[in-house]
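Beneath this line is the structure, given in structure tokens, with notes to follow.
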DNA sequence: GTCTATAGAAAGATAGAC
DNA sequence: GTCTATCTTTCTATAGAC
């Protein structure tokens with residue numbers, strides 16, 4: 001049930017069938033959900049016949065696992081580039097939030113599949129790998145929060161719970177951002193970053209006294 | 001494709017088949033997802049044969065819609081009882097957050113279905129009803145946030161976006177709360193309420209100066 | 001590598017006896 | 001209202017020609 005070796009990326013006619021399958025499967029899974037998409041749907045969208053998919057993927061499960069893992073690999077690589085490993089927890093939290101929001105605005109389909117179709121991925125080696133990659137991602141945020149708590153900057157009773165809550169909040173972007181965002185990318189990002197920073201007890205944006213008036 | 005009239009709640013042997021079907025379908029849909037559950041699975045769990053389900057529901061879609069709508073009806077009714085319609089936005093926000101967290105801890109299966117299986121619900125009258133009920137729920141929170149913004153208490157650039165973000169954050173509870181919560185109900189609720197209140201720029205808990213030190 | 005054709009399994013839904 | 005039996009469709013996956 002392993003992936004067929006990806007030897008040649010393009011055939012003689014210059015068309016990359018494997019990539020076409022992945023692209024169309026991604027869009028269809030994100031739109032209708034894994035269970036509601038058939039191999040025929042994917043093949044038709046990719047411009048081939050149903051049986052030809054099996055020249056590139058061992059089956060539907062293999063295709064789903066491939067999409068999830070390649071997405072998570074890219075996500076983690078981009079995260080490492082965007083968020084410094086050490087230093088001021090506040091700056092790292094801001095960088096994480098800004099990165100996460102931006103990535104979800106840019107790649108909503110990849111993200112939706114990795115979030116919503118976990119139940120569709122059968123247990124096994126690939127399933128464990130997907131869960132491990134997801135845990136690594138959440139772990140980066142949990143570490144930032146824990147560092148902030150230790151230095152007394154963040155109000156973080158439980159870093160793992162808080163990391164889950166913040167990721168859930170930011171990931172929810174994909175639910176409403178699809179239908180014609182009336183907001184600019186910058187406005188959305190700023191809004192979410194502000195909510196994240198304030199939710200851990202920071203004054204945000206920096207240098208403002210807003211929110212520091214004793215409410216009530 | 002309408003629901004069969006729910007005339008008698010229990011048959012002569014004192015067993016409520018319709019309720020048994022609903023209960024088992026709810027658990028199975030929440031665990032495996034709508035698409036991965038067959039009518040045979042539901043029937044077996046309910047202790048009847050597959051065909052008998054159609055004496056109570058017009059089909060699988062009807063069953064799903066029934067579960068969603070009855071859940072949303074109960075959710076909205078409970079919300080109205082728990083959150084005052086007017087008055088101090090801060091108190092209403094606290095009440096909303098506390099209610100939402102508590103409800104999600106108590107009824108994770110109902111909530112998961114209404115959140116995750118929206119794509120499985122085919123368009124139509126029932127689908128529109130489900131969406132309308134969900135919008136009403138989010139609208140209650142958006143109104144609270146808008147009221148708080150108008151009175152200058154909340155930092156709410158966009159009430160609809162913020163409402164979506166906060167609901168997503170709190171709904172994420174169902175993801176991790178299933179596998180043996182090491183935290184007490186009170187601790188989880190307090191944590192989430194704090195994040196919600198702070199995320200809109202309030203100092204929380206009330207009367208504390210924590211978080212008001214100029215960070216950095 | 002893609003095609004046509006089909007195997008084999010499983011699904012939702014229905015019919016009619018009791 | 002529940003049962004057994006079955007219809008009909010749809011799906012994943014495979015076989016073999018080209």
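Residue numbers (UniProt numbering), protein chains in the order written: chain L, 1 to 216; chain E, 1 to 216.
Backbone N, C-alpha and C define an ideal beta-carbon position, used for all residues, glycine too.
Residue range of the alpha helix (DSSP H) that includes residue i
| i | result |
| --- | --- |
| residue 204 of chain E | Per DSSP, residue 204 of chain E belongs to no alpha helix (DSSP H) and is neither H nor E. |
| residue 103 of chain L | 89-106 |
| residue 57 of chain E | Per DSSP, residue 57 of chain E belongs to no alpha helix (DSSP H) and is neither H nor E. |
| residue 22 of chain E | 17-32 |
| residue 35 of chain L | Premise fails: residue 35 of chain L is in no alpha helix (DSSP H) and is neither H nor E. |
| residue 143 of chain E | 125-150 |
| residue 41 of chain E | 39-46 |
| residue 86 of chain L | Run containing residue 86 of chain L: none; DSSP gives neither H nor E here. |
| residue 164 of chain E | 159-171 |
C-alpha gap between residue i and residue j, whole angstroms
| i | j | result |
| --- | --- | --- |
| residue 161 of chain L | residue 95 of chain E | 21 Å |
| residue 172 of chain L | residue 154 of chain E | 21 Å |
| residue 195 of chain E | residue 199 of chain L | 4 Å |
| residue 122 of chain L | residue 62 of chain L | 10 Å |
| residue 46 of chain E | residue 66 of chain E | 17 Å |
| residue 170 of chain L | residue 207 of chain E | 29 Å |
| residue 89 of chain L | residue 85 of chain E | 39 Å |
| residue 107 of chain E | residue 189 of chain E | 15 Å |
| residue 99 of chain L | residue 158 of chain L | 23 Å |
| residue 145 of chain E | residue 138 of chain L | 29 Å |
| residue 150 of chain E | residue 193 of chain L | 22 Å |
| residue 197 of chain L | residue 77 of chain E | 33 Å |
| residue 174 of chain L | residue 152 of chain L | 33 Å |
| residue 91 of chain E | residue 81 of chain L | 42 Å |
| residue 105 of chain L | residue 75 of chain L | 13 Å |
| residue 156 of chain L | residue 126 of chain E | 42 Å |
| residue 101 of chain L | residue 50 of chain E | 46 Å |
| residue 58 of chain L | residue 48 of chain L | 16 Å |
| residue 185 of chain L | residue 184 of chain E | 38 Å |
| residue 182 of chain L | residue 136 of chain E | 21 Å |
| residue 38 of chain L | residue 177 of chain L | 26 Å |
| residue 40 of chain L | residue 16 of chain L | 18 Å |
| residue 44 of chain L | residue 83 of chain E | 50 Å |
| residue 191 of chain E | residue 205 of chain E | 10 Å |
| residue 60 of chain E | residue 32 of chain L | 17 Å |
| residue 103 of chain E | residue 179 of chain E | 17 Å |
| residue 128 of chain L | residue 111 of chain L | 18 Å |
| residue 230 of chain E | residue 87 of chain E | Within the shown structure, residues of chain E are numbered from 1 to 216, placing residue 230 of chain E beyond reach of any answer. |
| residue 124 of chain E | residue 124 of chain L | 38 Å |
Whole-Å CB distance - residue i paired with residue j, under 8 Å assumed
| i | j | result |
| --- | --- | --- |
| residue 18 of chain L | residue 56 of chain L | 5 Å |
| residue 113 of chain E | residue 30 of chain E | 6 Å |
| residue 148 of chain L | residue 79 of chain L | 18 Å between Cβ atoms; not a contact. |
Chain-order list of residues whose beta-carbon lies under 7 Å from that of residue i (same chain, five-residue window excluded)
| i | result |
| --- | --- |
| residue 42 of chain L | 21, 24, 25, 28 and 53 |
| residue 34 of chain E | 64, 117 and 120 |
| residue 141 of chain E | 96, 163, 166 and 167 |
| residue 109 of chain E | 26, 27 and 30 |
| residue 201 of chain E | 154 and 155 |
Residues of its chain near residue i, where Cβ-Cβ distance is below 8 Å and the 5 sequence neighbours each way are ignored
| i | result |
| --- | --- |
| residue 130 of chain E | 65, 68, 69, 72, 114, 118 and 121 |
Neighbourhood of residue i by C-beta distance below 6 Å, restricted to the same chain and skipping five residues each side
| i | result |
| --- | --- |
| residue 143 of chain L | none |
| residue 133 of chain E | 72 |
*Pull out every residue of the segment 102-135 of chain L whose Cβ sits closer than 8 Å to any Cβ of chain E, in chain order.*
116, 119 and 120
*Contact residues within the segment 144-157 of chain L, judged by C-beta distance below 7 Å to chain E*: 153, 155 and 157
*Taking a Cβ distance cut-off of 9 Å, strictly less, list which residues of the segment 157-172 of chain E are near chain L, in chain order.*
157, 158, 160, 161, 162, 164, 165, 166, 167, 168, 169, 170, 171 and 172
_What are the residues in the segment 17-33 of chain E lying within 7 Å of chain L by C-beta distance?_
32 and 33
_Proximal residues, the segment 44-74 of chain L versus chain E, C-beta separation under 8 Å_ = none
*In the segment 185-196 of chain E, which residues sit with their C-beta less than 9 Å from some C-beta in chain L, listed in chain order?*
187, 188, 190, 191, 192, 194, 195 and 196
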